[in-house]
Structures are given as C-alpha cells and as structure tokens.
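With UniProt numbering as the guide, the letters of the sequence shown map in order to residues 1 to 369.
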Amino acid sequence: MKLTEWTMEEQEQLIHFMTTNTWPFHGSAHPVRELIEKTIVEGGYQSDEVKTFWVENEESDKVGIVKIYDLQDDIPLFDLRIADQARGKGYGPRALKRVTEYVFQLPVEKIRLEGHTRQDNFAMRKTFERAGFVKEAQLRQAWFSPKENSYYDAVTYGMTREDFLKGTATPVKWDDDGHQKQVVAGELVFAEEFQTERLIIRAPRLEDAEVLWQSVMNSHDALKEWMPWARDKQTLEQTTINLRQAIADFVTRKDLRLHMFLKETGEFVGSSGLHRIDWDVRKFEIGYWIDSKFEGKGLMTEAYLAITDFAFKDLKANRVEVRCDSENVRSRSVAERAGFSVEGILRNDALSADGKTLRDTCIYALVSK
Numbered sequence: 001m002k003l004t005e006w007t008m009e010e011q012e013q014l015i016h017f018m019t020t021n022t023w024p025f026h027g028s029a030h031p032v033r034e035l036i037e038k039t040i041v042e043g044g045y046q047s048d049e050v051k052t053f054w055v056e057n058e059e060s061d062k063v064g065i066v067k068i069y070d071l072q073d074d075i076p077l078f079d080l081r082i083a084d085q086a087r088g089k090g091y092g093p094r095a096l097k098r099v100t101e102y103v104f105q106l107p108v109e110k111i112r113l114e115g116h117t118r119q120d121n122f123a124m125r126k127t128f129e130r131a132g133f134v135k136e137a138q139l140r141q142a143w144f145s146p147k148e149n150s151y152y153d154a155v156t157y158g159m160t161r162e163d164f165l166k167g168t169a170t171p172v173k174w175d176d177d178g179h180q181k182q183v184v185a186g187e188l189v190f191a192e193e194f195q196t197e198r199l200i201i202r203a204p205r206l207e208d209a210e211v212l213w214q215s216v217m218n219s220h221d222a223l224k225e226w227m228p229w230a231r232d233k234q235t236l237e238q239t240t241i242n243l244r245q246a247i248a249d250f251v252t253r254k255d256l257r258l259h260m261f262l263k264e265t266g267e268f269v270g271s272s273g274l275h276r277i278d279w280d281v282r283k284f285e286i287g288y289w290i291d292s293k294f295e296g297k298g299l300m301t302e303a304y305l306a307i308t309d310f311a312f313k314d315l316k317a318n319r320v321e322v323r324c325d326s327e328n329v330r331s332r333s334v335a336e337r338a339g340f341s342v343e344g345i346l347r348n349d350a351l352s353a354d355g356k357t358l359r360d361t362c363i364y365a366l367v368s369k
C-alpha cells in the first residue's frame with residue numbers, strides 16, 4: 001500500500017475515478033464531470049493548501065484517492081475515498097495510516113489530524129478506529145443529506161501528534177461537570193459475528209436492507225400481533241432508514257441489533273439483539289422476531305442461547321432479561337427453553353400492539369454467577 005501524488009496531467013483519470021464510483025455518504029453521491037473540472041480549476045485538488053494522492057495497492061492498482069487540505073494550518077483535514085470494487089478489503093485503514101504518517105512527517109510540525117463522517121457511515125468509522133483515531137465529538141443533526149432530505153449526526157475523529165509518536169490512542173475523558181466519567185461502551189471491543197450449529201449471527205449491514213424488508217413483509221401478519229412497529233407495512237426506504245440508525249447505534253454501543261442467517265443457504269432468518277442497555281449495571285434485554293417460514297425449527301432457541309452466552313462472556317453482563325406479552329406463548333416458550341427464569345408478571349403494564357387493550361408483561365431473566 002502506498003500513496004502516489006496526483007498531478008494535473010492526470011485530470012482525466014481523476015474525473016473518471018470520481019464519476020464512475022458512488023459516494024453515498026458525501027454531499028454528491030454521483031458527482032458529474034463539470035463539478036470535478038470546476039474543482040480542479042479552482043485548486044480544489046492541488047494548491048498550497050491541498051494535496052491529492054492516489055491510493056495504490058501492492059499491484060500498483062489505483063484503489064482510492066485521498067485529499068489532504070488545510071495544509072498551511074496546524075490541524076489539517078482529509079477526505080478519503082475507496083473505489084466501489086475495492087471496498088471491504090482493508091484498504092481504508094491502511095491508507096489512513098499512510099496519510100497520518102505523511103502529515104506528521106511534514107517539515108512544519110502539525111498538532112493533529114482530524115476527519116469527519118456521517119454517524120451511520122459504518123465502514124468509515126471502522127476505518128478511523130482501525131487506524132488508531134479516537135472519537136472526539138458527535139454533532140447532532142449536523143450532516144445534511146440532499147438525497148434523503150434529512151439530517152444525520154456528524155462524528156469527528158482525531159489523531160494527535162503525541163499519540164502518533166507514542167503509538168497510542170488516548171480516549172477522551174469528559175469531566176465538564178467536575179466528575180471524570182468512565183468510558184465503558186465506547187472502548188468496548190468484541191466480535192461482531194459469531195456462529196451456532198446452524199446460524200451466522202452478526203451486526204447489521206446496509207446490504208441487509210432488501211432481505212430484511214422482504215422478510216418483514218412475508219411475516220407481516222404474524223408480526224403485527226405483537227410488534228407495534230409492524231402494525232403498518234413499511235416501505236423499503238423506511239426499512240433502510242431504520243437500518244442505518246441500527247448500524248449507527250451498534251457502532252456507538254447504544255443498541256446491539258443482530259441479524260441471523262442460515263449457514264447452509266445464507267437465507268435471512270430474523271433479527272434479535274441486546275437492547276435497553278445499561279452499561280453501568282451491565283444489563284441487557286433480548287428481543288427478537290423471526291421470519292414466519294422458519295418458525296418451529298428451534299432456530300430462535302439456538303440463537304437465544306448463543307446471544308446470552310455472548311452477553312455474559314464477551315460483554316461481561318450481570319443480567320440479561322426478556323420481557324414479553326403474557327399472551328405471547330411462543331416468546332415465553334423460547335425464554336424458558338433457553339433457561340431463563342420467570343421473575344414476575346407486571347399486571348396491566350402495557351398496551352397490546354394495536355393499542356386497544358391492556359396487557360400483562362412477563363419478565364424472565366438470567367444473572368451472572
């Protein structure tokens with residue numbers, strides 16, 4: 001992996017690269033030739049303030065491009081883009097490490113290097129983390145998406161010169177109120193995929209949107225009886241928006257949705273996960289729904305056992321609980337088969353999924369030994 005400086009003689013290559021790849025998390029997902037030409041003429045790719053580099057792999061293929069700007073300032077910024085066909089191959093973190101080395105080896109010493117991305121840009125956030133950058137801020141509704149006509153949170157990551165020289169990543173300690181808060185969830189590192197005899201269980205990905213939506217539609221009649229969110233049929237766009245939020249919440253450890261797939265066929269089975277998380281207590285709640293065509297095969301019990309084991313072993317849980325409608329016999333049976341003990345029934349605790357009648361809530365739990 002190396003960075004090769006872009007030159008003005010390579011304008012056509014740059015235009016081709018920018019216009020033939022897609023950039024869903026940038027202001028323009030499909031930039032046109034005229035925009036790139038205008039940016040080149042105005043010095044947006046090469047000037048005293050800006051340098052642009054090709055990202056080349058070991059075979060000298062151009063797999064990405066990175067623009068470093070504000071080079072006259074003490075704190076440069078960058079924009080890293082990996083080509084469509086090269087994504088998911090580890091080029092991003094390796095390229096960002098090269099960018100960091102370049103910036104901190106400049107003759108005029110730089111204090112820090114920083115970058116920004118949209119909260120739900122899961123791949124870029126992983127790139128920052130794997131390159132040793134530290135999350136330093138989350139700006140609420142600061143990133144506008146013209147295509148979706150909506151705002152998302154923006155996230156800032158930084159690398160200080162001190163951390164670069166020491167090879168460390170120093171987490172931010174928030175002490176605005178005079179008390180140093182312990183960084184727990186943000187520092188937690190754990191596997192985002194695990195397997196059972198028949199299932200692959202992993203963190204949600206944007207590529208899951210269509211199979212997720214189709215599964216919900218296929219199972220709508222069964223789901224709407226117990227799930228308030230399933231009362232009205234969702235569009236693919238609504239499912240995708242919800243999925244983006246789930247991915248962002250997984251990254252920030254607010255909620256850990258997990259998708260389940262059959263090992264043998266790769267078919268989407270359903271969704272589970274650990275919700276209503278209290279990181280101070282280390283308490284989690286398991287929730288789930290399963291595609292109707294996979295009911296009665298023991299897959300959900302298999303998943304429950306694996307997710308519970310994951311919670312206690314990997315997340316150091318002190319308590320894992322299940323809450324369900326007292327009339328939801330299937331959910332109660334799954335909890336019991338997975339070894340959960342009923343702790344109580346909260347009478348008139350919630351409304352039915354259609355909001356018309358009062359229901360009792362059953363609480364099942366397992367606790368650490």
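Cβ atoms here follow ideal geometry from the backbone N, Cα and C, with glycine treated the same way. Because the structure is a prediction, the values reported are computed rather than measured.
1) Report the partner residues of ARG202 according to the DSSP bridge assignment.
2) Under the rule that 16 or more other beta-carbon atoms within 10 Å means buried, what is PRO228, buried or exposed?
3) Assuming GLY160 is part of the beta strand (DSSP E), what are its boundary residues?
4) Over the uninterrupted beta strand (DSSP E) stretch that includes ALA142, give me the two end residues.
5) Would you kindly report the start and end of the unbroken beta strand (DSSP E) that includes LEU80?
6) Please classify GLU114: is it buried, with 16 or more other beta-carbons within 10 angstroms of its beta-carbon, or exposed?
7) Is it right to say HIS259 is buried, meaning 16 or more other beta carbons lie within 10 angstroms of its own, or is it exposed?
8) Nearest by alpha-carbon distance to TRP213: which of ALA222, GLU197, GLU237, GLU193 is it?
9) Where does GLU327 fall in DSSP's three states?
10) Using a 10 Å radius around the Cβ and a threshold of 16 neighbouring Cβ atoms, would you call PRO76 buried or exposed?
11) Less than 7 angstroms separating the beta-carbons of PHE294 and VAL269?
12) Evaluate residue 432 with the Cβ neighbour count: other Cβ atoms within 10 Å of its Cβ, from every protein chain shown; 16 or more gives buried, anything less gives exposed.
13) Spatial neighbours of SER145 within its chain, please: CB distance less than 8 angstroms, with the 5 preceding and 5 following residues excluded, ordered by chain position.
14) Count the other CB atoms, across all protein chains shown, that sit within 10 Å of the CB of HIS116; report buried if there are 16 or more and exposed otherwise.
15) Would you mind sorting SER368 into buried or exposed? The rule is 16 or more other CB atoms within 10 Å of its CB.
16) With DSSP as the reference, label ASP354 as helix, strand or coil.
17) Tell me which residues share the same chain as TRP226 and place their Cβ nearer than 7 angstroms to its Cβ, disregarding the 5 neighbours each side in the sequence.
18) Who are the near neighbours of ALA142 in its chain, counting only those whose CB is closer than 6 angstroms to its CB and skipping five residues on each side?
The short version:
1) Numbered from 1 along the sequence shown, position 202 holds the residue referred to as residue 202. DSSP lists GLU193, HIS259 as partners of ARG202.
2) Along the sequence shown, one-based indexing puts residue 228 at 228. Exposed, because fewer than 16 other Cβ atoms sit within 10 Å of the Cβ of PRO228.
3) As a working note, residue 160 is residue 160 in the sequence shown. Before going on, a small fix: residue 160 reads as Thr here, not Gly. Start and end: 150-160.
4) Translated into the one-based positions of the sequence shown, residue 142 becomes position 142. Residues 134-145.
5) Working through the sequence shown from its first residue, we reach residue 80 at position 80. Unbroken beta strand (DSSP E) run through LEU80: 77-82.
6) Against the sequence shown, residue 114 aligns to sequence position 114. Its Cβ being crowded by 16 or more others within 10 Å, GLU114 is buried.
7) Position 259 of the sequence shown holds residue 259. That one is buried.
8) Here residue 213 corresponds to residue number 213 of the sequence shown, with the count starting at 1. Measuring from the Cα of TRP213, the nearest candidate turns out to be GLU237.
9) Taking the first residue of the sequence shown as 1, we reach residue 327 at position 327. Residue state, collapsed to three classes: coil.
10) In the sequence shown, counting from the first residue as 1, residue 76 sits at position 76. PRO76 comes out buried.
11) For the purposes of this step, residue 294 is taken as the residue at position 294 of the sequence shown. For the purposes of this step, residue 269 is taken as the residue at position 269 of the sequence shown. Cβ distance < 7 angstroms, so PHE294 and VAL269 count as in contact.
12) Since the displayed the chain opens at 1 and closes at 369, residue 432 lies outside it and no answer follows.
13) Along the sequence shown, read from residue 1 onward, the residue named residue 145 stands at position 145. Excluding positions up to five away in sequence, the list reads ARG118, TYR151, TYR152.
14) Residue numbering aside, residue 116 sits at position 116 when the sequence shown is read from its first letter. Flag for HIS116 reads buried.
15) Walking along the sequence shown from the start, residue 368 turns up at place 368. Exposed, by the Cβ-count rule.
16) Counting from 1 along the sequence shown, the entry for residue 354 is found at position 354. It is coil, neither helix nor strand.
17) Here residue 226 is taken as the residue at index 226 of the sequence shown, counted from 1. Cβ within range, chain order: ASP325, ASN328, ALA353.
18) Position 142 of the sequence shown, counted from the start, is the residue given in the question as residue 142. ALA154.
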